[in-house]
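K.L.:
Residue numbers (the working numbering): 295 to 457.
Just so it is clear, CB atoms sit at the ideal spot from N, CA and C, and this is done for glycine as well.
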Ligand SMILES: [Zn+2]
């Protein structure tokens, strides 16, 4: 994974076949996300050129391009906002977005997705629209409290235990 500003993402190498208008559309959506996350720290765009071409089903989800906004609310706690362009097992593109939090259940699940968005992209021409929809969802989440307990309560999960 390479990391940096969206302006550094080699979009036409990463997503071969993306039209010039598509490139501009992705840049516009990314600019809106960057503006919304201005107060968040530790967030950078990530991309993997070795995922530009679908290499068949793999363990885990091959992420082509993504943004991971991590908020460490309190010490060991975690709140993370994600926006990703990925390959599905079927070799189709999808745009995924999620909010995940550290787990404080009696049984340790590590993390929980407390809200999630996924849009399959059957045709590359639909990618800009799907990316924009994912970006809008992420921007909406970033306007909500950056407090993991807020998100756990909303999802009916146990709150962080002191100590
Ligand atoms: Zn749990």
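(1) Is residue 326 helix, strand or coil by DSSP?
(2) Measure from the alpha carbon of residue 445 to the alpha carbon of each residue in 412, 422 and 371, then state which is nearest.
(3) Should residue 366 be counted as a contact of ligand 1 given a C-beta to heavy atom distance under 7 Å?
(4) What does residue 412 pair with, by DSSP beta-bridge criteria?
(5) Measure the C-alpha to C-alpha separation of residue 378 and residue 359 and round it to an integer number of angstroms.
(6) Can you tell me which of 313, 398, 311 and 321 puts its alpha carbon nearest to the alpha carbon of residue 303?
(7) Can the beta-carbon of residue 390 be found less than 8 Å from the beta-carbon of residue 411?
(8) Would you list, in sequence order, the uninterrupted alpha helix (DSSP H) runs of no fewer than 4 residues that lie entirely inside the segment 405 to 457?
(9) Taking the alpha carbon of residue 408 as the point to measure from, which residue in 415, 442, 382 and 342 has its own alpha carbon closest?
(10) Per DSSP, what kind of secondary structure is residue 361 in: helix, strand or coil?
(11) Quick one: what's residue 297 bridged to in DSSP?
(12) Any residue with its C-beta under 5 Å from a non-hydrogen atom of ligand 1 counts. Can you list them all in chain order?
(13) What three-state label does DSSP hand residue 384 in the structure shown?
(14) Quick one, are the C-beta atoms of residue 312 and residue 384 less than 8 Å apart?
(15) For residue 339, which of 404, 307, 439 and 298 has the nearest alpha-carbon?
(16) Per DSSP, what kind of secondary structure is residue 315 in: helix, strand or coil?
P.N.:
From the atom records:
(1) Reading the chain shown from its first residue, position 32 is the one you call residue 326. Reduced to three states, the DSSP call for residue 326 is helix.
(2) Sequence index remark: in the chain shown, residue 445 carries index 151 (1-based). Per the Cα distances, 371.
(3) Here residue 366 corresponds to residue number 72 of the chain shown, with the count starting at 1. No.
(4) By 1-based counting over the chain shown, the position of residue 412 is 118. DSSP output for residue 412 lists 390 as bridge partner(s).
(5) For the purposes of this step, residue 378 is taken as residue 84 along the chain shown, with counting starting at 1. For the purposes of this step, residue 359 is taken as residue 65 along the chain shown, with counting starting at 1. Distance between the alpha carbons of residue 378 and residue 359 is about 6 Å.
(6) Looking up residue 303 in the chain shown gives position 9. Closest option to residue 303, Cα to Cα, is 321.
(7) In the chain shown, residue 390 corresponds to position 96, counting from 1. In the chain shown, residue 411 corresponds to position 117, counting from 1. Yes. Within cutoff.
(8) 421 to 436 and 442 to 448
(9) Position 114 of the chain shown holds residue 408. Nearest of 415, 442, 382 and 342 to residue 408, Cα basis: 442.
(10) For the purposes of this step, residue 361 is identified with residue 67 of the chain shown, where counting begins at 1. Strand, per DSSP.
(11) To locate residue 297, count along the chain shown from 1; it is residue 3. Bridge partners of residue 297: 340.
(12) 397, 399 and 403
(13) By one-based count along the chain shown, residue 384 stands at place 90. Of the three classes helix, strand and coil, the one that applies to residue 384 here is coil, per DSSP.
(14) For the purposes of this step, residue 312 is identified with residue 18 of the chain shown, where counting begins at 1. For the purposes of this step, residue 384 is identified with residue 90 of the chain shown, where counting begins at 1. Against a cut-off of 8 Å, the Cβ pair of residue 384 and residue 312 comes out as no contact.
(15) In the chain shown, counting from the first residue as 1, residue 339 sits at position 45. Ranking the options by Cα distance to residue 339, first place goes to 298.
(16) Sequence index remark: in the chain shown, residue 315 carries index 21 (1-based). Of the three classes helix, strand and coil, the one that applies to residue 315 here is helix, per DSSP.
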